[in-house]
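Trainee: Below is a structure I'd like to ask you about.
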Amino acid sequence: MHVIKKTITKEDGRALYYYHFPGTATAEEKQVFDKIEGEVEIIEEPEETADV
Amino acid sequence: MSELRWNPTLEEWVVTATHRQDRTFFPPPDYDPLAPTKPGGFPTEIPASAYEIVVFENKFPSFRPEPPQPSVEGSVLYPVRPASGVCEVICYTPNLDAELAQLPAAKLRELVRVWAERFKDLGDRPYVDYVYIFENKGKEIGVTLPHPHGQIYAYPFVPPIPAKEVAAARSYTARTGRNLYDDIIARENHDGVRIVWQNASFLCVVPFYARYPYEVHIIAERAHTSLKQMGTKELNDLAEALRVIGQKYNALWNKSLPYIMLMHQSPTTGASYDEYRFHVEFYPPYRTPEKLKYLAGSEAGAGVFINDTHAEDTAKILRDTAPLQW
Chain A
1 MHVIKKTITK
11 EDGRALYYYH
21 FPGTATAEEK
31 QVFDKIEGEV
41 EIIEEPEETA
51 DV
Chain B
53 MSELRWNPTL
63 EEWVVTATHR
73 QDRTFFPPPD
83 YDPLAPTKPG
93 GFPTEIPASA
103 YEIVVFENKF
113 PSFRPEPPQP
123 SVEGSVLYPV
133 RPASGVCEVI
143 CYTPNLDAEL
153 AQLPAAKLRE
163 LVRVWAERFK
173 DLGDRPYVDY
183 VYIFENKGKE
193 IGVTLPHPHG
203 QIYAYPFVPP
213 IPAKEVAAAR
223 SYTARTGRNL
233 YDDIIARENH
243 DGVRIVWQNA
253 SFLCVVPFYA
263 RYPYEVHIIA
273 ERAHTSLKQM
283 GTKELNDLAE
293 ALRVIGQKYN
303 ALWNKSLPYI
313 MLMHQSPTTG
323 ASYDEYRFHV
333 EFYPPYRTPE
343 KLKYLAGSEA
353 GAGVFINDTH
363 AEDTAKILRD
373 TAPLQW
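So the protein sequences, as listed, match chains A and B. Residue 28 in the numbering used here sits at position 28 of the first sequence, and the numbers go up by one each step. Position in the second sequence (first residue = 1) + 52 = the numbering used here.
Here's what the structure looks like:
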């Protein structure tokens with residue numbers, strides 16, 4: 001399952017990242033996350049990898 | 053403010069961060085800075101009224117992406133550098149009385165996913181040479197905020213202990229033609245007596261060379277040097293291992309055991325670190341239910357740890373201790 005990340009900048013310039021997990025979030029968590037205004041990034045499920 | 057000062061006698065950097073003297077120190081529960089901000093309530097570090105996992109740059113950082121110039125001028129004897137880097141805080145529960153090992157299994161898997169994402173994001177930055185994920189748990193360790201949280205330091209250099217481990221792994225391969233961590237895993241599986249727990253992807257042992265009585269290392273079975281190289285199954289297996297070890301610690305003396313938990317991963321300099329291996333280390337400070345293991349003269353001044361126990365004995369105790377879920 002993918003993860004959704006929203007990036008905001010706090011008033012003092014510091015970065016803050018909210019991570020949302022659609023598969024397990026409660027209704028309240030989803031509602032709050034949806035209202036956050038920030039840069040959205042979708043993080044896909046990591047692929048299974050071979051030894052490197 | 054922060055700056056790096058070179059210690060020429062040990063050839064390592066020391067970070068001065070004078071502003072951290074004023075950091076928040078055990079605030080009352082109503083002023084928990086790591087709680088969500090409730091409508092009309094105290095504005096915490098997290099503006100939203102609920103969160104799943106949130107990461108933010110530390111208000112009192114030792115390293116900053118855009119650091120100030122050092123307060124003193126450097127010299128050949130005493131070089132100085134700006135403290136460039138990042139210090140982040142990770143909050144994975146809005147509950148003040150929660151703890152990592154007692155998180156629902158799915159939540160812990162999500163936290164591991166976030167660690168992997170932060171490793172990649174920070175490690176890709178040109179001014180970062182090493183991403184260090186850790187968690188201090190308990191007042192005995194020196195935490196100043198009781199709300200459970202992890203931290204990430206993104207250093208502008210490779211810190212001494214990981215650098216020494218990388219050098220040792222390379223030296224071992226040069227001498228033997230084999231991988232140091234493959235040989236440690238094979239030896240531990242052969243001996244069996246220091247194994248605490250294992251799953252398909254990770255071996256949990258009190259290492260032969262443990263410095264703390266109940267020190268546990270979680271070592272990746274596969275030749276992966278960082279979270280970035282792991283797939284979902286391996287990340288989930290790591291979450292499971294962390295949960296089991298944390299719950300065994302709590303069951304050991306039927307109390308929430310303090311510890312330092314840290315991850316050793318490959319540096320992010322762009323070089324190859326194939327000889328190295330991802331692993332997690334836990335350092336609980338207690339040697340009995342009431343007695344702490346202090347870092348005193350030999351440990352602090354000479355760098356020689358005196359362990360009052362044998363790894364084989366404490367590993368058996370932890371192996372025989374059933375994880376405690378509460």
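Just so you know, even glycine gets a beta-carbon here, dropped at the ideal spot from N, CA and C.
Can you confirm whether the stretch 337-351 of chain B touches the stretch 253-261 of chain B when touching is taken to mean that 3 or more C-beta pairs between the two stretches lie within less than 8 angstroms?
Mentor: Touching, no.
Trainee: Can you give, in chain order, each stretch of the beta strand (DSSP E) that sits fully within the stretch 127-163 of chain B and has at least 3 residues?
Mentor: For the stretch 127-163 of chain B, whole beta strand (DSSP E) runs of length 3 or above, ordered along the chain, are 132-134, 138-143.
Trainee: Residues bridged to residue 15 (chain A) by DSSP?
Mentor: Taking the first sequence and counting its residues from 1, one reaches residue 15 (chain A) at position 15. For residue 15 (chain A), which the question treats as bridged, DSSP gives the partners A:9.
Trainee: Which residue's Cα is closest to the Cα of residue 274 (chain B): B:374, B:231, B:215, B:306?
Mentor: Here residue 274 (chain B) refers to the residue found at position 222 when the second sequence is read from its first residue. Nearest C-alpha to residue 274 (chain B): B:231.
Trainee: I need the straight-line Cα distance from residue 311 (chain B) to residue 151 (chain B), nearest angstrom please.
Mentor: Taking the second sequence and counting its residues from 1, the one referred to as residue 311 (chain B) is at position 259. Taking the second sequence and counting its residues from 1, the one referred to as residue 151 (chain B) is at position 99. Each residue's Cα considered, the two are about 12 angstroms apart.
Trainee: Note down the Cα distance separating residue 371 (chain B) from residue 178 (chain B), rounded to an integer number of angstroms.
Mentor: Translated into the one-based positions of the second sequence, residue 371 (chain B) becomes position 319. Translated into the one-based positions of the second sequence, residue 178 (chain B) becomes position 126. Cα to Cα, residue 371 (chain B) sits roughly 43 angstroms from residue 178 (chain B).
Trainee: If you draw a straight line from the alpha carbon of residue 127 (chain B) to that of residue 247 (chain B), how long is it in whole angstroms?
Mentor: Start at 1 with the first residue of the second sequence, and residue 127 (chain B) comes out as number 75. Start at 1 with the first residue of the second sequence, and residue 247 (chain B) comes out as number 195. The alpha-carbon atoms of residue 127 (chain B) and residue 247 (chain B) are separated by roughly 49 angstroms.
Trainee: Below 8 angstroms on C-beta distance, what does residue 108 (chain B) contact in chain A?
Mentor: Taking the first residue of the second sequence as position 1, residue 108 (chain B) is located at position 56. Here the neighbours are 10, 14, 15, 16, 17.
Trainee: On the criterion of 16 or more Cβ atoms from any shown chain inside 10 Å, does residue 213 (chain B) qualify as buried, or is it exposed?
Mentor: Start at 1 with the first residue of the second sequence, and residue 213 (chain B) comes out as number 161. Classification for residue 213 (chain B): exposed.
Trainee: Span of the alpha helix (DSSP H) holding residue 224 (chain B)?
Mentor: Taking the second sequence and counting its residues from 1, the one referred to as residue 224 (chain B) is at position 172. Unbroken alpha helix (DSSP H) run through residue 224 (chain B): 212-228.
Trainee: For residue 336 (chain B), which of B:88, B:329, B:325, B:304 has the nearest alpha-carbon?
Mentor: To locate residue 336 (chain B), count along the second sequence from 1; it is residue 284. Answer by Cα proximity: B:304.
Trainee: Taking a cut of 7 angstroms between CB atoms, which residues from the stretch 37-48 of chain A lie near chain B?
Mentor: Correct list: 43, 45, 46, 47, 48.
Trainee: Could you confirm whether any beta carbon from chain B is found closer than 7 angstroms to the beta carbon of residue 25 (chain A)?
Mentor: Taking the first residue of the first sequence as 1, we reach residue 25 (chain A) at position 25. Yes, because at least one Cβ of chain B sits closer than 7 angstroms to the Cβ of residue 25 (chain A).
Trainee: DSSP three-state label for residue 81 (chain B), please.
Mentor: Here residue 81 (chain B) corresponds to residue number 29 of the second sequence, with the count starting at 1. Helix, per DSSP.
Trainee: Look up residue 274 (chain B) in the DSSP assignment and say whether it is helix, strand or coil.
Mentor: Locating residue 274 (chain B) in the second sequence gives position 222, where the first residue counts as 1. Coil.
Trainee: Please say whether residue 284 (chain B) and residue 11 (chain A) have beta carbons closer to each other than 7 angstroms?
Mentor: Indexing the first sequence from 1 puts residue 11 (chain A) at position 11. Indexing the second sequence from 1 puts residue 284 (chain B) at position 232. No, these two residues do not count as a Cβ contact at 7 angstroms.
Trainee: Report the residues of the stretch 324-340 of chain B with a CB closer than 7 angstroms to any CB of chain A, ordered along the chain.
Mentor: Answer set for the stretch 324-340 of chain B: empty.
Trainee: Quick one: list the residues of chain A neighbouring residue 322 (chain B), beta-carbon separation under 7 angstroms, in chain order.
Mentor: Translated into the one-based positions of the second sequence, residue 322 (chain B) becomes position 270. Residues of chain A passing the Cβ test: none, with the nearest at roughly 15 angstroms.
Trainee: At least one CB of chain A closer than 7 angstroms to the CB of residue 162 (chain B): is that the case?
Mentor: Position 110 of the second sequence, counted from the first residue, corresponds to residue 162 (chain B). Yes, residue 162 (chain B) lies at the interface with chain A (some Cβ there is under 7 angstroms from its Cβ).
Trainee: Taking 7 angstroms as the cut-off, decide whether the C-beta atoms of residue 140 (chain B) and residue 162 (chain B) are in contact.
Mentor: Sequence index remark: in the second sequence, residue 140 (chain B) carries index 88 (1-based). Sequence index remark: in the second sequence, residue 162 (chain B) carries index 110 (1-based). No, they are not a contact pair.
Trainee: Taking the straight line between their C-alpha atoms, what separation do you get for residue 186 (chain B) and residue 314 (chain B)?
Mentor: In the second sequence, the residue the question calls residue 186 (chain B) occupies position 134. In the second sequence, the residue the question calls residue 314 (chain B) occupies position 262. Cα to Cα, residue 186 (chain B) sits roughly 4 angstroms from residue 314 (chain B).
Trainee: Is there a Cβ of chain A sitting closer than 7 angstroms to that of residue 76 (chain B), yes or no?
Mentor: Here residue 76 (chain B) refers to the residue found at position 24 of the second sequence. With 7 angstroms as the cut-off, residue 76 (chain B) does not count as an interface residue toward chain A.
Trainee: Pull the bridge partners of residue 202 (chain B) from the DSSP assignment, please.
Mentor: Locating residue 202 (chain B) in the second sequence gives position 150, counting from the first residue. BP columns for residue 202 (chain B) point to B:142.
Trainee: Find the residues of chain A that neighbour residue 287 (chain B), judging by a C-beta separation of less than 9 angstroms, and give them in chain order.
Mentor: As a working note, residue 287 (chain B) is residue 235 in the second sequence. By Cβ distance, chain A contributes 46.
Trainee: Checking contacts by CB at 7 angstroms: is residue 20 (chain A) closer than that to chain B?
Mentor: As a first step, residue 20 (chain A) must be located in the first sequence, where it is residue number 20. Yes, its Cβ sits closer than 7 angstroms to a Cβ of chain B.
Trainee: Along chain A, in chain order, which residues have C-beta atoms closer than 7 angstroms to that of residue 101 (chain B)?
Mentor: Here residue 101 (chain B) corresponds to residue number 49 of the second sequence, with the count starting at 1. The contacting residues are 32.
Trainee: Give, in chain order, every unbroken run of the alpha helix (DSSP H) that is at least 4 residues long and sits entirely within the stretch 229-289 of chain B.
Mentor: For the stretch 229-289 of chain B, whole alpha helix (DSSP H) runs of length 4 or above, ordered along the chain, are 232-243.
Trainee: Just to confirm before moving on: does the CB-CB distance between residue 96 (chain B) and residue 102 (chain B) stay below 7 angstroms?
Mentor: Numbered from its first residue, the second sequence carries residue 96 (chain B) at position 44. Numbered from its first residue, the second sequence carries residue 102 (chain B) at position 50. In this structure, residue 102 (chain B) does not lie closer than 7 angstroms to residue 96 (chain B) by Cβ.
Trainee: Can you give me the C-alpha to C-alpha distance between residue 55 (chain B) and residue 118 (chain B), rounded to a whole angstrom?
Mentor: Residue numbering aside, residue 55 (chain B) sits at position 3 when the second sequence is read from its first letter. Residue numbering aside, residue 118 (chain B) sits at position 66 when the second sequence is read from its first letter. Whole-angstrom Cα-Cα distance: 12 angstroms.
Trainee: Using C-beta distances below 7 angstroms, list every residue in its chain close to residue 15 (chain A), excluding the 5 sequence neighbours before and after it, in chain order.
Mentor: The residue labelled residue 15 (chain A) in the question sits at position 15 within the first sequence. Once the five neighbours on either side are set aside, the close Cβ partners of residue 15 (chain A) are 7, 9.
Trainee: Do we get a CB-CB distance below 7 angstroms when we pair residue 237 (chain B) with the residues of chain A?
Mentor: The residue you call residue 237 (chain B) lines up with position 185 of the second sequence. No, because no Cβ of chain A sits closer than 7 angstroms to the Cβ of residue 237 (chain B).
Trainee: If you draw a straight line from the alpha carbon of residue 332 (chain B) to that of residue 353 (chain B), how long is it in whole angstroms?
Mentor: Here residue 332 (chain B) is taken as the residue at index 280 of the second sequence, counted from 1. Here residue 353 (chain B) is taken as the residue at index 301 of the second sequence, counted from 1. Taking the straight line from one Cα to the other gives about 25 angstroms.
Trainee: Do the stretch 196-208 of chain B and the stretch 61-78 of chain B make contact, defined as three or more Cβ pairs closer than 8 angstroms?
Mentor: Result yes; three or more Cβ-Cβ pairs closer than 8 angstroms.
Trainee: Specify the secondary structure class of residue 70 (chain B) as computed by DSSP and reduced to three states.
Mentor: Residue mapping note: residue 70 (chain B) aligns to position 18 of the second sequence, counting from 1. Note: residue 70 (chain B) maps to helix in three-state DSSP.
Trainee: Grab me the residues of residue 38 (chain A)'s own chain with a C-beta within less than 6 angstroms of its C-beta, minus the 5 sequence neighbours each way, in chain order.
Mentor: Stepping through the first sequence from its first residue, residue 38 (chain A) is reached at position 38. Hits under 6 angstroms: 6, 7, 8.
Trainee: DSSP three-state call for residue 28 (chain A): helix, strand or coil?
Mentor: Here residue 28 (chain A) corresponds to residue number 28 of the first sequence, with the count starting at 1. It is helical.
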